[in-house]
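Each remark here refers to the structure printed beneath this line.
There are 2 protein chains.
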Amino acid sequence: MRAISIAQKFGLFEEQWSPKIIAQLNGQAVKLAKIQGEFMWHAHAEQDELFHVIKGKMTLEFRDRAVEVGPGEIIVVPKGVEHRPVTQEEVWILLFEPQDTHHTGGQTTARTVEACDHI
Amino acid sequence: MRAISIAQKFGLFEEQWSPKIIAQLNGQAVKLAKIQGEFMWHAHAEQDELFHVIKGKMTLEFRDRAVEVGPGEIIVVPKGVEHRPVTQEEVWILLFEPQDTHHTGGQTTARTVEACDHI
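Residue numbers (numbering that gives the first Met the number 0), protein chains in the order written: chain A, 0 to 118; chain B, 0 to 118.
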């Protein structure tokens, strides 16, 4: 058991759209990601997903609305709900979701990362 | 789906040692708590528990060591491991753990809260 600094972990990587695992518990993973621009529309069939914005401001688009999520705010996307993060600036997010959650919802694109690194 | 401000939620209660649920996903709960002083030694037989310190500095005592956890840091306590949070000042923490996790590990004391409020 040790303290894990979220800021220190964000300092270990620069790639965008490539979630890194910093902790695991109860079959869930805590991941960090740096994101900028538009991601693809996707859904996770069996996994709810929590976004916690650490730095910057993200718009989380749904098919029927868009929600602004700023620093210190969280939002939960229920399983099966299509969503797409969009940002202007680089945004740092913490994700909490089941370990087997695939970031593009199982689709394979240029952005797909098959297995997240542990940092 | 809506953005949930952690700071705004902390503004809704003052009681210490009384976790409040702010979100749920995948059978897990996100809880906020204000803590100060020494809690009791306890363990959760079947649940790993994540502490994320939002404000202040907490010492998480284990039987064989003590770990300082400050703002922006997380620590995971594996199931079955005895632990005890100790703080000088009031500390604000975010907990992530299975919904059925009992904050005193099933013991009933003056501090035991049988069911967490949702805020």
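Beta carbons: idealized from backbone N, C-alpha and C, even for Gly.
Integer-rounded CB distance, given that residue j should sit under 8 Å from residue i
i: Ile-34/A; j: Val-90/A; result: 5 Å
i: Gln-106/A; j: Gln-27/B; result: In fact, because the Cβ distance is near 25 Å, the residues do not count as touching under 8 Å.
i: Ile-118/B; j: Ala-32/B; result: Contact doesn't hold; Cβ gap of about 11 Å is too wide.
i: Ile-73/B; j: Ile-5/A; result: 7 Å
i: Gly-36/B; j: Thr-86/B; result: 7 Å
i: Phe-95/B; j: Phe-9/A; result: With 8 Å as the limit, Phe-95/B and Phe-9/A do not qualify as a contact, their Cβ atoms being about 19 Å apart.
Same chain, Cβ closer than 8 Å to residue i, neighbours up to 5 away in sequence not counted
i: Gln-23/B; result: Val-29 and Gln-98
i: Glu-14/B; result: Lys-33
i: Ile-3/B; result: Ile-21 and Ala-22
i: Asn-25/B; result: none
Within chain A, partners of residue i - CB distance below 9 Å
i: Gln-46/B; result: Leu-24 and Asn-25
Where residue i meets chain A, residues with beta-carbon distance less than 7 Å
i: Phe-61/B; result: Met-0
Amino acids of chain A, ordered along the chain, whose beta-carbon sits closer than 8 Å to that of residue i
i: Leu-49/B; result: Ala-22, Leu-24 and Val-29
For residue i: DSSP bridge partner residues
i: Gln-27/B; result: Leu-24/B and Pro-97/B
i: Val-68/B; result: Met-57/B
i: Trp-91/A; result: Lys-33/A and Lys-54/A
i: Arg-173/A; result: The shown model of chain A, from 0 to 118, leaves out residue 173/A, and the question about it has no answer.
i: Lys-19/B; result: Leu-31/B and Asp-116/B
i: Glu-48/B; result: Val-76/B
i: Ile-3/A; result: Ile-73/B
i: His-41/B; result: His-82/B
Sequence-distant residues of its chain with Cβ nearer than 6 Å to residue i (five each side left out)
i: Thr-111/B; result: Thr-103
i: Trp-120/A; result: In this structure chain A extends from 0 to 118, so residue 120/A is not present and cannot be described.
i: Val-76/B; result: Glu-48 and His-82
i: Ala-65/A; result: Thr-58
i: Glu-88/B; result: Gly-55
i: Phe-38/B; result: Arg-83 and Pro-84
i: Asp-63/A; result: none
i: Met-0/B; result: none
Per-residue contacts from residue i into chain B (C-beta, under 7 Å)
i: Gly-71/A; result: Ser-4, Ile-5 and Ala-6
i: Pro-97/A; result: Asn-25
Contact set for residue i: own chain, Cβ-Cβ below 7 Å, skip 5 residues either direction
i: Cys-115/A; result: Pro-18, Lys-19, Ile-20 and Lys-30
i: Thr-100/A; result: His-43, Gln-46 and Glu-48
i: Lys-78/A; result: His-43, Ala-44, Glu-45, Gln-46 and Asp-47
i: Leu-11/A; result: Ile-118
Near the ligand SAH: residue i beta-carbon under 8 Å from a heavy atom
i: His-82/B; result: Looking at this structure, you won't find the ligand SAH or any other ligand, since it has none at all.
Neighbour list for residue i in chain B, Cβ cutoff strictly below 9 Å
i: Val-76/A; result: Met-0 and Leu-24
Contact list for residue i against chain B, beta-carbon separation under 8 Å
i: Val-68/A; result: Ala-2
Given 8 Å, three or more beta-carbon pairs between the segment 49-61 of chain A and the segment 69-89 of chain A: Contact between the segment 49-61 of chain A and the segment 69-89 of chain A is present, because at least three Cβ pairs lie under 8 Å.
Inter-stretch contact at 8 Å, needing at least 3 Cβ pairs: the segment 65-76 of chain B / the segment 32-52 of chain B: The segment 65-76 of chain B is in contact with the segment 32-52 of chain B.
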